[in-house]
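**Q** The opening residue of the sequence shown carries number 1 in full-length UniProt numbering; numbering runs sequentially from there.
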Amino acid sequence: MNQPYIIAKEGFPCLAILAVVTVATYLFRPWLAIIPGILFLFVAFFFRNPKRIIPTDKEVLVSPADGTVMSIEEIEEKEFLRDKAIKVSIFLSIFNVHLNRCPMEGEIKYINYRPGKFIPAFKSHASDINEKNFVGIENDRLKIMVTQITGFIARRIVCWVKPGDKVAQGDLFGLIKFGSCTELIVPENVEIKVKPGQKVVGGITVIGRLKNEY
1 MNQPYIIAKE
11 GFPCLAILAV
21 VTVATYLFRP
31 WLAIIPGILF
41 LFVAFFFRNP
51 KRIIPTDKEV
61 LVSPADGTVM
71 SIEEIEEKEF
81 LRDKAIKVSI
91 FLSIFNVHLN
101 RCPMEGEIKY
111 INYRPGKFIP
121 AFKSHASDIN
131 EKNFVGIEND
141 RLKIMVTQIT
151 GFIARRIVCW
161 VKPGDKVAQG
171 DLFGLIKFGS
181 CTELIVPENV
191 EIKVKPGQKV
201 VGGITVIGRL
211 KNEY
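#1: Compare the Cα-Cα distances from Ile90 to each of Val62, Lys78 and Lys117 and report the closest residue.
#2: Kindly confirm or deny that the segment 62-74 and the segment 172-187 touch, where touching means at least three C-beta pairs closer than 8 angstroms.
#3: In the DSSP assignment, find the alpha helix (DSSP H) that holds Thr22 and state where it starts and stops.
#4: The beta strand (DSSP E) that contains Leu172, what's its start and end?
#5: Could you tell me how far apart the beta carbons of Leu15 and Leu99 are, in whole angstroms, since I believe they sit closer than 8 angstroms?
#6: Can you tell me whether DSSP reads Val94 as helix, strand or coil?
#7: Does the segment 79-86 come within contact of the segment 44-59, defined as at least 3 CB pairs closer than 8 angstroms?
#8: Helix, strand or coil for Leu81 per DSSP?
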């Protein structure tokens with residue numbers, strides 16, 4: 001899904017309320033207006049939607065989110081891939097862009113929302129018990145899964161796609177409000193190109209590349 005605005009539309013209601021509060025406060029207590037004014041700027045910053053130049057190489061998988069790579073693990077994936085896989089976990093602070101992007105082109109084959117807790121997203125077990133949303137994407141070469149996970153502050157997952165939707169590499173498909181974690185789960189025959197601690201940019205940073213033998 002493409003968002004035509006420089007701010008994601010999910011931020012509009014909050015921005016409208018803060019704008020009214022700022023103006024009303026300024027009319028009666030000008031010096032107090034700085035508080036809702038700062039909150040307005042913070043919300044606008046959080047919901048920003050910067051333009052991205054997406055790589056055209058179809059052999060690579062781009063990052064589904066902005067943030068920092070927390071861990072790279074070999075797992076047994078039982079939700080969508082149902083096979084041995086590699087999980088790349090990306091932590092998003094409140095200062096990162098929180099829009100999620102499709103790592104590759106393909107078709108949305110699987111969506112599964114799962115309620116859960118709201119512990120800090122950087123904790124290792126947050127992935128197991130927090131609220132999350134699974135998004136499976138498949139094309140003629142492979143299938144992957146992106147998991148949106150809430151955190152202590154982030155308590156709402158937004159997903160704009162549904163099974164059957166066609167997506168292009170780098171397309172926006174959702175967001176997680178106010179701090180979170182996003183996981184990219186890929187088959188073992190994808191060569192991972194990032195390492196823990198590395199900063200990544202959604203839709204730009206190459207997370208993995210299809211191995212030649214695939």
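Where a beta carbon is used, it is the ideal one built from N, C-alpha and C, also for glycine.
**A** According to the structure shown:
#1: Counting from one through the sequence shown, the residue named residue 90 turns up at place 90. Val62 is the residue among Val62, Lys78 and Lys117 whose C-alpha sits nearest the C-alpha of Ile90.
#2: yes
#3: Taking the first residue of the sequence shown as position 1, residue 22 is located at position 22. Start and end: Phe12 to Phe28.
#4: For the purposes of this step, residue 172 is identified with residue 172 of the sequence shown, where counting begins at 1. From DSSP, the beta strand (DSSP E) with Leu172 extends over Leu172 to Ile176.
#5: To locate residue 15, count along the sequence shown from 1; it is residue 15. To locate residue 99, count along the sequence shown from 1; it is residue 99. Their Cβ separation, rounded to whole angstroms, is 16 angstroms, which puts Leu15 and Leu99 out of contact at 8 angstroms.
#6: As a working note, residue 94 is residue 94 in the sequence shown. The amino acid at residue 94 is misidentified as Val; the sequence shows Ile. Ile94 falls in the coil class under three-state DSSP.
#7: no
#8: As a position in the sequence shown, residue 81 is number 81, starting the count at 1. Three-state result, Leu81: coil.
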